[in-house]
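Start counting the sequence shown at 3; every next residue gets the next number (this note's numbering). Backbone N, C-alpha and C define an ideal beta-carbon position, used for all residues, glycine too. Model, not experiment: these values are computed from the prediction.
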Amino acid sequence: MNPNLPWWEKLLRRIKQVLFFWKAERGVWVFDLDGPLMDTGVFYERALDEFSRELFKIFDGKFSVVKILDKQHDLDLGMMYDINPRTQKPYLLHKSRFPLSLVRCYKHFCKEADVKFDRKIAHKLSSIGKKVFCKEEYLKVIRPEVLPLFRFLKNLNEKIFILTKGDDEIQGDKRKALEKAGIMAYCDGFFVVPNHKNAKIKEIKRKNPALHYYCVGDTYKEDVEIGMRLWFFGIYTPYKYNWKERGKFNEIEYYRDKNRSVRCSSIAEISSWFNTIKGA
Ligand SMILES: [Mg+2]
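See below:
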């Protein structure tokens with residue numbers, strides 16, 4: 003503190019400091035949803051498996067399953083910023099994007115094989131894509147470690163938020179499944195954002211003074227690194243079905259900031275890691 007300040011200013015500043023630490027939570031946690039808390043990638047794997055086998059059959063094996071899946075992945079990623087004619091906004095994570103990417107992939111191979119595009123087949127492929135939004139199954143894919151971890155953190159007076167990117171309706175259905183599982187009772191907030199998490203993470207931090215901040219996610223660039231830029235400690239939980247970073251795990255591990263983040267194979271490791279650093 004500046005020694006030239008008048009005594010009353012010094013006193014005021016000290017009171018403010020004490021009030022901040024008195025008000026501050028011990029820690030604030032921001033969890034990503036798909037991947038770390040819910041194994042929703044299995045729905046996409048199942049749909050892509052069915053889709054690629056279907057396409058392989060349609061074109062009599064002319065295109066390999068690997069080639070089909072690679073093309074679908076490129077088209078799906080590329081569609082993020084295409085304009086959705088129904089909404090006049092980019093598709094981003096809108097629920098129509100994935101089923102449509104399967105149809106576009108079929109269209110692409112029709113052109114390549116010089117085969118007529120069949121609307122019935124397109125409809126069938128779109129239906130395969132829509133199967134990923136199976137709200138009846140959401141409860142089954144909640145990771146069993148979530149409830150014990152959230153209980154553990156709440157017992158330590160930590161604040162817990164879930165921040166997820168995606169379609170409001172779809173993520174809302176997942177939230178209902180978390181409620182059924184009793185998990186939302188331990189949550190201080192559940193937020194859905196259409197694309198970037200940056201603004202919401204900032205807002206969570208501003209509204210929740212704390213001594214420590216942690217962000218947990220399976221997409222290093224978009225969940226973990228974004229939090230680390232705002233002085234969160236990153237907890238990276240790589241997920242084999244992560245559609246954006248699969249195949250890049252070694253590369254990510256190479257450049258991951260090891261001082262400001264930790265890598266856990268699953269959220270099950272977080273409580274023991276947390277006990278270790280608290281004891282340190
Ligand atoms: Mg995720």
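Local conformation of residue i per DSSP, three classes
i, result
"T89", "coil"
"W9", "helix"
"F154", "helix"
"A282", "Caution applies to A282, whose pLDDT of 47 falls short of 50 and renders its modelled position unreliable; the value that the coordinates give is listed next. Here A282 sits in coil by DSSP."
"D36", "strand"
"F235", "strand"
Bounding residues of the alpha helix (DSSP H) (the contiguous stretch that carries residue i)
i, result
"W167", "According to the sequence shown, residue 167 is Lys rather than Trp. Here K167 belongs to no alpha helix (DSSP H); instead the beta strand (DSSP E) covers K161 to K167."
"L94", "No alpha helix (DSSP H) holds L94; DSSP gives it neither H nor E."
"L213", "Note, L213: premise wrong, no alpha helix (DSSP H); beta strand (DSSP E) at A212 to G219."
"Y46", "G43 to I60"
Length of the line joining the Cα atoms of residue i and residue j
i, j, result
"K137", "G174", "10 Å"
"K73", "N244", "17 Å"
"I237", "M82", "26 Å"
"V194", "E181", "16 Å"
"D259", "F235", "10 Å"
"N210", "V30", "7 Å"
"F65", "C217", "41 Å"
"L158", "L151", "11 Å"
"K280", "V67", "48 Å"
"K109", "F119", "6 Å"
Continuous beta strand (DSSP E) stretch holding residue i: start and end
i, result
"G131", "Segment R121 to K132 is the alpha helix (DSSP H) holding G131; no beta strand (DSSP E) there."
"R265", "S263 to R265"
"I144", "No beta strand (DSSP E) holds I144; DSSP gives it neither H nor E."
"G174", "Counting along the chain, G174 falls outside any beta strand (DSSP E), though it belongs to the alpha helix (DSSP H) covering D170 to K182."
Nearest neighbour of residue i, chosen from the options [CA to CA]
i, options, result
"L141", "G184, A179 and K118", "A179"
"A201", "L95, I228 and D169", "I228"
"E139", "V105, F119, A183 and C266", "A183"
Three-pair Cβ contact test at 8 Å for the segment 155–164 versus the segment 193–211
yes
Touching by the beta-carbon criterion (3+ pairs, under 8 Å), the segment 182–197 and the segment 147–162
yes
Touch test, the segment 105–115 against the segment 28–37, Cβ-Cβ under 8 Å, three pairs minimum
no
Could you say if the segment 212–230 and the segment 242–262 meet the contact criterion of at least three C-beta pairs nearer than 8 Å?
yes
Does the count of Cβ pairs from the segment 52–62 and the segment 125–132 closer than 8 Å reach three?
yes
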